[in-house]
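Numbering-wise, this note's numbering puts 86 at position 75 of the sequence shown, and it's gapless, one number per residue. Scroll down for the structure; my scribbles are underneath it.
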Amino acid sequence: MVYLIVGEVDVGKTTKIKEIHRKIGRGDGVILEKVFENGQFVGYDAVRLKSGERRRFAVFKWMKPLGWDEVFQHGRFSFSKSGLAFAVEQLEDAVRSAAEPIFIDELGGLELEDKAFAHAFRLALEKGLEIYATCRTSLLQAIIKKFDLAGRCQILKV
Numbered sequence: 012m013v014y015l016i017v018g019e020v021d022v023g024k025t026t027k028i029k030e031i032h033r034k035i036g037r038g039d040g041v042i043l044e045k046v047f048e049n050g051q052f053v054g055y056d057a058v059r060l061k062s063g064e065r066r067r068f069a070v071f072k073w074m075k076p077l078g079w080d081e082v083f084q085h086g087r088f089s090f091s092k093s094g095l096a097f098a099v100e101q102l103e104d105a106v107r108s109a110a111e112p113i114f115i116d117e118l119g120g121l122e123l124e125d126k127a128f129a130h131a132f133r134l135a136l137e138k139g140l141e142i143y144a145t146c147r148t149s150l151l152q153a154i155i156k157k158f159d160l161a162g163r164c165q166i167l168k169v
């Protein structure tokens with residue numbers, strides 16, 4: 012079963028997926044945690060749930076640090092080549108190991124373009140793994156259509 016944790020920006024989707032992981036006490040995946048510097052939101056770290064290992068994933072385009080290894084820009088964010096590779100590798104490793112449930116934070120615009128977590132999500136679907144994934148309300152129907160989830164998912168609103 013696929014559980015989509017759905018809500019607007021900044022309503023607590025990541026917090027909810029972390030709570031579910033803690034409550035279940037098993038499974039693995041990748042979440043995107045907000046990063047603050049001097050009290051200011053600057054971007055996201057990709058964090059593997061099982062190990063706590065993290066890498067900088069994305070920053071605001073106008074806040075790129077020196078030496079930033081940008082792979083592409085999407086919306087207002089610049090994505091790190093090494094951070095994205097880390098996140099995708101960690102998620103695919105969790106799927107290959109058949110950890111259940113799989114946690115994915117989040118399915119969004121990148122996945123609709125077959126980037127970021129799209130391949131790992133498809134692998135988890137093909138394996139029939141239980142999945143918890145976050146998604147913005149505005150992208151829900153597009154995600155359901157793109158990944159053929161109609162009748163195969165349960166919506167959990169935040």
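Note that the Cβ used here is the ideal one computed from N, Cα and C, for glycine as well.
Here residue 64 is not near residue 55, since their CB atoms are 8 Å or more apart.
Between the segment 139-147 and the segment 115-122 there are three or more C-beta pairs closer than 8 Å, enough to call the two in contact. A Cβ-Cβ distance of about 19 Å is found for the pair residue 89 and residue 58, leaving them out of contact under the 8 Å criterion.
Residue pairing from DSSP places residue 89 in a beta bridge opposite 70 and 84. Rounded to whole angstroms, the Cβ separation of residue 110 and residue 138 is 11 Å, and the two are not in contact under 8 Å. Classified as buried, residue 24 has 16 or more neighbouring CB atoms from the shown chains inside 10 Å of its CB. Secondary structure of residue 158 (DSSP, three-state): coil.
Shown here, residue 40 sits in a strand according to DSSP, grouped into three states.
Bridge partners of residue 26 according to DSSP: none are assigned.
Nearest neighbour of residue 32 by Cα position, chosen from 76, 14 and 20, turns out to be 14.
In the three-state reduction of the DSSP assignment, residue 45 falls in the strand class.
Only exposed fits residue 20, as fewer than 16 other CB atoms lie within 10 angstroms of its CB. The C-beta separation of residue 135 from residue 99 comes to about 13 Å, leaving the pair out of contact by the 8 Å criterion. Spatial neighbours of residue 28 in its own chain (CB-CB distance under 7 Å, excluding positions within 5 residues in sequence) are listed in chain order as 16, 42, 114, 116, 143 and 145.
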